[in-house]
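Residue numbers (the working numbering): 474 to 895. Here a beta-carbon is modelled for each residue, glycine too, at the ideal position from N, C-alpha and C. Small disclaimer: the values here were computed from a predicted structure and weren't measured.
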Ligand code: HAM
C-alpha cells in the first residue's frame, strides 16, 4: 500500500512553490521598507505558553493543539506567543523602545480540513512591540494592504475595538444578560459560550444565532473614553494613509489576548474561510507572559495558503517570475558538449539555464523548454556549429534571431545575458 500524506498536511509542488516564493519575496521587500526585522523561531514550545496567551477556553487551546502529552510541549498553533516568548527571553526591549519583528513559517491546528483550512498551514506574522499609539495600528494595516495590493489580491479590511480591562468587563456583563434572556434560541455551542467566552457568540456562523446577535449590545457603545479616542484615531489615520476599511462590531477573534483594535482582511472568494489575514492589539499580553509590565504590542498574520488560493482564483499568478531564463537545445554529440559548457557559463553569470543531455529530437527538447517556462531557447545543431551561428528563439513571441557562437564560452554567455535578461 502506498503511504500518503496525513489529512490536512499538504505538499507544495514546484509549480505552486514559485507562487509561494513570489509572495515571500514581495512580503520581505515591503516588510523591509517598513523597518521590520526577521526573527526565526522554533516550532515546538511549552504548552503552557499557548494556554496562558491564547486562552484556556479558546477553540485553539481547548481542542486544536498538537500536544505531546507526556512532555508538556506543543507544536505552535500561531506565532505571536512564540515571538513574545523569544522577545521576553532575550530581553529585546533593551534594544530600543520599539521593536518591529516578522517571522514566516508553519503553524499547526487540529481543525477539520477544507478549502483554505489545513492542519499544517503557514503564516507571515508581523508584530510591533513597545508602541501603544493608534498610528502604529494603522501603519500595520496599511502595510498589509500594500502587500495585498502589490500581489494583486482584492480583499476588504474590517476593523473593531474590543476595549480594555477597564471597559470590557461591563460590556461582557451587558452581553451575558442579553444572551441569557434568549438562551433557548441559541445553538448548543453558543449556550455553552455564554458562560465561558460570551464574546465568541457574536461571531457564531450559525444563521439563526447571527440574526439573534444583531440586536445585542455593541461593544463600540461600551468603550471607555480612552479606548474610544484610540479607535477614532486609528480610523483617522487609516483615512490619511488611504487604506479603505469598514467597521465590524461582531468581530471578536478566536484568541483571548486582544485589547482595543482588532482587524481582519476578508474575502468572499474562499468559501467558508473568509479571513486571509487578521490581527490586533494586545497591550496586556507581554506583562502577562512575564515580560515588562504594560509594554504594548500589536500585530497580524497573513495565511499563506489562502493568499496562494486567492492569487490562483483571481488569476494573479502570472506575476510570479518565469522559472528559467534560457534553455539550450543541442542536437548531436559535439553540439551537446558546447551546450554543456555554455549552460555552465550562463549559470556562473547569473542566468537560470538548463539543457537536456539525452540527445532527444528538437521537438522533444522544445517541449521541455516550454515545460520549464524558459524565456529563451538557444538551438545548436551540426549545421549551426558549422556556420558558428546558433538560433535564439524568444519563447513568448516565437521570434528568432541568429546568435554568433564565436569567442570563448564566457564571452558567448555574457552576450546571451544581455539579450536574455533585458
Ligand atoms: P488567526 O486569525 O488565528 O490569528 O490566524 C491568522 C491567519 O492565519 C488567518 O486569517 C488565516 O489566513 C490563517 N489561518 C489560520 N488558521 C488556518 C488554518 N487552519 N488553515 C489555513 N490558514 C489558517 C493569529 O494566528 C494571530 N496570531 C494573528 C496575530 C498576530 N495577532 C496579533 N499578531
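By the neighbour-count criterion, in which 16 or more other beta carbons inside 10 Å mark a residue as buried, residue 569 falls on the exposed side. DSSP places residue 692 within a helical segment (H, G or I) once states are collapsed to three.
When the alpha-carbon of residue 722 is set against those of 602, 678 and 735, the nearest one is in 735. Here residue 799 is not near residue 743, since their CB atoms are 8 Å or more apart. In this structure, residue 780 keeps its C-beta atom at 8 Å or more from the C-beta atom of residue 718. Here residue 553 is buried: its Cβ has 16 or more other Cβ atoms, across all protein chains shown, within 10 Å. DSSP links residue 712 through a beta bridge to no other residue. Within the same chain, 798, 799, 886, 889, 890, 893 and 894 come within 8 Å of residue 824 by CB-CB distance, once the 5 residues on both sides are set aside. Residue 638 is classed as exposed because its beta carbon has fewer than 16 other beta carbons within 10 Å across all chains shown. For residue 681, no beta strand (DSSP E) run applies; the uninterrupted alpha helix (DSSP H) run containing it begins and ends at 680 to 686, by DSSP. Partner residues in the beta bridge of residue 573, as assigned by DSSP, are 601. If one requires a minimum length of 3 residues, the beta strand (DSSP E) runs lying completely within the stretch 740 to 820 are 748 to 754, 770 to 776 and 797 to 803, in chain order. The ligand HAM approaches residue 596 closely enough that one of its heavy atoms is under 7 Å from the residue's Cβ. In the DSSP assignment, residue 631 forms a beta bridge with 719 and 737.
Proximity of the stretch 656 to 674 to the stretch 608 to 616 falls short of the contact definition, fewer than three beta-carbon pairs being nearer than 8 Å.
The straight-line gap separating the alpha-carbon atoms of residue 524 and residue 582 is approximately 14 Å. For residue 862 and residue 483, the gap between their C-alpha atoms comes out near 47 Å. If only uninterrupted alpha helix (DSSP H) runs of at least 4 residues are considered, those enclosed by the stretch 540 to 598 are 553 to 562. Rounded to whole angstroms, residue 716 and residue 649 show a C-alpha spacing of 34 Å. Pairing residue 827 with residue 498, the inter-Cα distance amounts to about 23 Å. In this structure, the ligand HAM has a non-hydrogen atom nearer than 7 Å to the beta-carbon of residue 751. For residue 848, the enclosing beta strand (DSSP E) has its first and last residue at 847 to 853.
When only Cα atoms are considered, residue 832 and residue 847 end up about 18 Å apart.
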